[in-house]
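Everything below concerns the one structure shown next.
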Amino acid sequence: MRILIIEDELPAARRIEQLIRQQRPQVEILAVIDSISEAVKWFAQNPAPELILMDIHLADGLSFDIFQSIKIQSMVIFTTAYDQYAIRAFKVNSIDYLLKPIDALELKNALDKYDQVRGNTASFDYSMLNGMLDNLKNRNYRERFLVKFGNAFTYIQAQEMRFCYAEDSLVFTRLADGKKYSLDHTLEQLEQLLNPTHFFRINRKILLHIDAVDKIHPYFNNRLKLELQPSPGFEIVVSRERVQDFKNWIDQ
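Okay, here's the thing in structure tokens:
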């Protein structure tokens with residue numbers, strides 16, 4: 008099997024390559040490409056790979072633009088930090104996806120799926136990706152949440168939420184005024200409900216609003232340490248796998 012990797016985060020690219028070689032030692036990895044422009048140039052000069060592992064968010068834009076520049080008939084496994092609702096349709100027509108950080112078992116399952124479907128699909132209509140991206144941009148996100156307040160209920164505005172965090176199997180949110188409320192949602196569900204332009208999952212336990220970020224500091228092991236307002240009272244660190252996506256999110 009000949010595989011092309013399109014990924015602009017070096018640690019993520021190395022992990023994907025390492026996992027592939029562990030699971031499929033006979034695989035030939037043709038190249039690791041980090042941008043749309045380089046991908047278009049590579050496809051123009053080389054035979055098509057059998058399989059592409061492709062990050063959605065690249066340094067110079069969304070990888071969907073590659074399909075608008077050149078015809079690709081290879082099977083694709085997308086790697087992405089997007090939440091699951093936005094990419095469910097990638098399961099259609101034998102396209103698969105992996106959420107970052109890449110899990111070894113999920114990669115194995117995706118490769119096994121490729122083995123099952125290869126040869127059954129001559130080509131894929133990638134124009135569907137444009138519609139999926141439009142749906143992502145035009146999605147209506149939650150504006151309010153019903154929360155318990157003492158023995159009664161009240162509601163909070165999503166725009167006032169500064170960060171959400173998991174603690175002792177519960178999920179809490181802290182508002183701009185410092186008030187803390189318990190939410191009847193998991194962080195995974197909140198990722199689907201809150202606008203990703205304003206909210207970002209920095210690690211497995213923290214989802215934060217852009218307005219909460221006060222200062223950003225380099226941290227050991229290629230991570231970032233954040234100061235938030237209001238202060239959460241505990242350390243806030245962007246996981247190494249999410250650092251580049253976090254920078255892209257801040258810089259959009």
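The sequence shown begins at 8 in this note's numbering and counts up by one. All C-beta atoms, glycine included, are put in the ideal place defined by N, C-alpha and C.
Buried versus exposed call for T204 [16 or more other C-beta atoms within 10 Å across all chains shown]: Exposed, because fewer than 16 other Cβ atoms sit within 10 Å of the Cβ of T204.
For K222: DSSP bridge partner residues: DSSP, once it has assigned bridges, lists E234 as partnering K222.
7 angstroms CB neighbourhood of A219 in its chain, flanking five on each side removed: In its chain, beyond the 5 residues on either side, R169, F170, L235, Q236 have a beta carbon closer than 7 angstroms to the beta carbon of A219.
Chain-order list of residues whose beta-carbon lies under 8 angstroms from that of Y162 (same chain, five-residue window excluded): For Y162, same chain residues with a beta-carbon under 8 angstroms away, outside a window of 5 residues either side, are R151, F152, L153, V154 in chain order.
Test item: CB-CB of A38 and L11 under 7 angstroms: A contact, by the Cβ cut-off of 7 angstroms.
Local Cβ density within 10 Å of L207, reported as buried at 16 or more and exposed below that: The sequence shown places Phe at residue 207, not Leu. So F207 ends up on the buried side.
Burial state of E198 (16 or more Cβ within 10 Å): With 16 or more other CB atoms across the displayed protein chains lying within 10 angstroms of its CB, E198 is buried.
Contact belief for R247 with R230 at Cβ below 8 angstroms, rounded distance in angstroms: The Cβ separation is near 5 angstroms, so the contact holds.
Where Q251 falls, given that 16 or more other Cβ within 10 Å makes a residue buried: The Cβ neighbour count for Q251, taken over all protein chains shown within 10 Å, is at least 16; the residue is labelled buried.
Close beta carbons around W256, own chain, < 6 angstroms, minus the five adjacent residues each side: Here W256 has F207 as same chain residues with Cβ atoms under 6 angstroms from its own Cβ, once five neighbours each way along the sequence are excluded.
Distance between beta carbons of Y172 and I213, contact taken as under 8 angstroms: Contact holds; Cβ gap of about 5 angstroms.
Sufficient close CB pairs (3 or more, under 8 angstroms) joining the segment 58-77 to the segment 8-26: The segment 58-77, when compared against the segment 8-26, does touch it at the 8 angstroms Cβ threshold.
K107 burial status per 10 Å Cβ neighbour count (16 or more: buried): With 16 or more Cβ atoms within 10 Å of its Cβ, K107 is classed as buried.
Pair within 7 angstroms by beta-carbon distance, F179 and K187: With contacts defined by Cβ atoms closer than 7 angstroms, F179 and K187 form a contacting pair.
Beta-carbon contacts of S42 that lie in its chain and below 8 angstroms, excluding the five residues immediately before and after: Within its own chain, the residues whose Cβ lies closer than 8 angstroms to the Cβ of S42, once the five positions on either side in sequence are excluded, are D15, L65, A66, D67, listed in chain order.
Bridge partners - A173, DSSP secondary structure assignment: For A173, which the question treats as bridged, DSSP gives the partners V178.
Nearest candidate by alpha-carbon position, reference T87, set A19, Q75, Y148: Closest by C-alpha distance to T87, out of A19, Q75, Y148, is A19.
S311 classed as buried or exposed, judged by whether at least 16 other C-beta atoms fall within 10 angstroms: In the structure as shown, the chain starts at 8 and stops at 259, and residue 311 therefore has no counterpart that could be examined.
CB contact flag (A55, S81, <7 angstroms): The answer is yes: Cβ separation under 7 angstroms.
As assigned by DSSP and simplified to three states, the class of E248: The three-state secondary structure of E248, taken from DSSP, is helix.
A51, DSSP secondary structure in three states: In the three-state scheme derived from DSSP, where H, G and I count as helix and E and B as strand, A51 is classed as helix.
Proximity winner among N228, I23, F50, relative to L118 (alpha-carbon distances): The alpha carbon of L118 has as its nearest neighbour, out of N228, I23, F50, the alpha carbon of I23.
Cβ neighbour criterion (16 or more within 10 Å) applied to I40: Counting of Cβ neighbours within 10 angstroms places I40 among the buried residues, the total reaching 16 or more.
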